[in-house]
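For reference, the structure discussed in these notes is given below.
Numbering (my numbering), first residue to last: 20 to 404.
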């Protein structure tokens with residue numbers, strides 16, 4: 020049944036309620052380091068004779084650019100093509116196939132400020148080296164990953180590939196190829212993330228590039244965790260083995276799967292925990308990791324369960340999430356990598372935060388069941404309840 024116009028409008032405003040009143044002031048692409056927007060790409064005043072160049076294929080060149088823009092010492096990043104047989108190819112020619120070109124970026128940098136080794140490290144952490152048929156959602160020869168190395172760069176590139184191979188128990192599909200002529204792509208492809216951020220981030224999120232990178236390389240914020248927080252995350256990670264997609268579909272309801280695996284949003288007010296006032300904790304429906312406590316739950320009036328702070332901050336990660344309702348901050352579980360909801364800065368004291376979550380991403384464990392279900396360390400929090 021189709022909703023009448025006013026019903027659709029009301030639903031749109033209800034869904035937007037979990038989006039907060041203000042947009043974030045910055046967009047952030049995470050591919051090894053944050054990149055802030057809107058800014059002009061980095062530019063260094065260095066003579067060509069003093070610059071070095073790397074040509075790298077990392078799948079979609081829109082996304083590859085953002086991994087290197089803003090890196091200290093990088094003078095210029097240009098999207099283009101290399102490795103084929105056609106001079107000055109167009110984007111349409113390359114994507115149709117037959118030219119032999121890869122989508123690449125040309126990174127011009129000052130070796131006095133940033134080393135080739137550091138740039139190669141950024142490269143590896145922004146590709147799926149196990150995929151020989153493309154990268155992420157982009158399939159086909161032009162999207163394969165590769166390093167186009169000069170004779171000077173090749174030994175270092177091969178060394179880094181061996182180091183990557185030691186990390187995985189599958190063959191490394193990324194190629195080390197001879198240096199090739201670089202052809203810039205059309206102007207509209209350059210710095211696309213700045214020209215059309217809405218389309219760029221919609222594509223990037225839909226491609227699940229960052230989710231796959233985190234699965235391969237781990238969360239980038241672990242170095243910033245305290246030893247205690249890191250131990251908490253590692254302890255829960257050791258208890259969890261991610262089920263296959265088929266197993267998740269069999270185990271979860273349609274709504275639970277849509278929310279946690281496809282970044283969906285459940286309807287407000289008619290979900291399981293919006294009005295739940297029982298004492299206890301909320302864990303990830305997929306991994307079981309403890310996330311939030313009823314002691315920090317409050318009625319936000321939005322129709323979704325809301326909390327002022329996590330129970331275990333090490334098990335809750337946040338990521339930029341631009342969208343039609345403005346730029347938001349997504350909340351995900353650290354171990355299960357489930358989409359949970361979003362966090363906003365319009366919450367009550369003491370934190371001023373509002374973690375607005377989907378009930379479908381959570382499982383509630385009552386305080387009197389904590390011991391029986393293996394969460395006894397939290398029972399003392401509710402001793403006086």
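Yeah, the Cβ is synthetic: ideal placement off N, Cα and C, and Gly gets one too.
Taking C-alpha positions only, residue 107 is separated from residue 379 by approximately 51 angstroms.
The continuous beta strand (DSSP E) containing residue 373 extends over residues 373 to 376. Apart from sequence neighbours up to five positions away, no residue of its chain approaches residue 218 with a beta-carbon distance below 7 angstroms.
The alpha helix (DSSP H) runs lying completely inside the stretch 233 to 283 and spanning 4 residues or more are 246 to 258, 264 to 270 and 273 to 281, given in chain order.
When the alpha-carbon of residue 304 is set against those of 164, 331, 355 and 158, the nearest one is in 355. Measuring C-alpha to C-alpha distances from residue 320 to each of 400, 98 and 287 identifies 287 as the nearest. Counting every other CB atom within 10 Å of its CB across the protein chains shown gives residue 392 a total below 16, marking it as exposed.
Short of 6 angstroms from the beta carbon of residue 279, and not among the five residues preceding or following it, lie these beta carbons of its own chain, in chain order: 305, 357, 358 and 380. 8 angstroms or more divides the Cβ of residue 191 from the Cβ of residue 75. In this chain, residue 135 is not harboured by any beta strand (DSSP E); it is covered by the alpha helix (DSSP H) spanning 135 to 143. Between the C-alpha atoms of residue 92 and residue 86 there is a straight-line separation of about 13 angstroms.
In summary, residue 170 is exposed, with fewer than 16 beta-carbon neighbours lying within 10 Å of its beta-carbon over all protein chains present. The Cβ atoms of residue 124 and residue 96 lie closer than 8 angstroms to each other. In the assembly as shown, residue 403 is an exposed residue. Its beta-carbon has fewer than 16 other beta-carbons within 10 Å. Around the beta carbon of residue 214, a 10 Å sphere encloses fewer than 16 other beta carbons of the protein chains shown; the residue is thus reported as exposed.
In this structure, DSSP gives residue 80 a helical state, which the three-state scheme calls helix. Taking all protein chains in view, the Cβ of residue 351 is crowded by 16 or more other Cβ atoms within 10 Å, so the residue is classified as buried. Cα atoms of residue 72 and residue 127: separation of roughly 5 angstroms, rounded to the nearest angstrom.
Residue burial annotation: residue 103 is buried, with at least 16 other C-beta atoms found within 10 angstroms of its C-beta. Per DSSP, residue 192 lies in no beta strand (DSSP E) segment and is marked neither H nor E.
Residue 207 counts as exposed, since fewer than 16 other beta carbons sit within 10 angstroms of its beta carbon. The shortest C-alpha to C-alpha distance from residue 282 to any of 261, 291, 198 and 376 is the one to 376. DSSP, reduced to helix, strand and coil, places residue 348 within a strand of the structure shown.
Beta-carbon to beta-carbon, residue 293 and residue 324 are separated by about 6 angstroms, close enough to satisfy the 8 angstroms threshold.
Under the three-state reduction of DSSP output, residue 120 falls in the coil class, being neither helix nor strand. Secondary structure at residue 154: strand, using DSSP grouped into helix, strand and coil.
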